[in-house]
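Per the working numbering, the sequence shown starts with residue 54, numbered consecutively.
Cβ coordinates follow ideal geometry from the N, Cα and C atoms, glycine included.
Every value quoted in this text rests on a predicted model; they were computed, and no experiment measured them.
Just below is one structure, and these are the notes that go with it.
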Amino acid sequence: MSEEQTHALDANLDGDGFLKTMSGWNRSMAQALAERNDIGPLNDDHWKIIEYVKAYFEAHATGPSVVKICKATGLSREKVCELFPCGVARGAYRLAGLPRPSGCL
54 MSEEQTHALD ANLDGDGFLK TMSGWNRSMA QALAERNDIG PLNDDHWKII EYVKAYFEAH
114 ATGPSVVKIC KATGLSREKV CELFPCGVAR GAYRLAGLPR PSGCL
């Protein structure tokens with residue numbers, strides 16, 4: 054990522070590293086956020102979760118629970134936790150461009 058791209062990404066993040074608005078989200082941004090948060094390299098299972106979380110939020114204005122993620126993706130809870138060791142909110146939600154959930158420390 055170039056210095057210009059890094060600056061642009063920084064300008065779009067809140068103090069907790071979540072995007073200020075989802076409208077600027079793209080896969081390159083998700084990859085950059087993954088690198089910053091020591092997640093990945095992103096594989097098909099990561100993307101399956103990220104895309105589900107993003108679509109769920111767009112439909113329901115809230116992020117899905119781990120149980121819903123597991124049912125929708127066919128991945129076990131253990132696998133989801135392995136893919137996003139910092140947690141679903143700080144991992145999958147952040148990479149999908151969702152806003153910081155209330156109650157997320």
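Between Leu-62 and Met-82 the beta-carbon gap is near 6 Å, inside 8 Å, which marks them as a contact. One alpha carbon belongs to Ile-102, the other to Pro-94, and they sit about 14 Å apart. With 16 or more other Cβ atoms from the protein chains shown falling within 10 Å of its own Cβ, Pro-117 counts as buried. The C-alpha of Asn-96 lies about 13 Å from the C-alpha of Leu-148. Secondary structure at Leu-66: strand, using DSSP grouped into helix, strand and coil.
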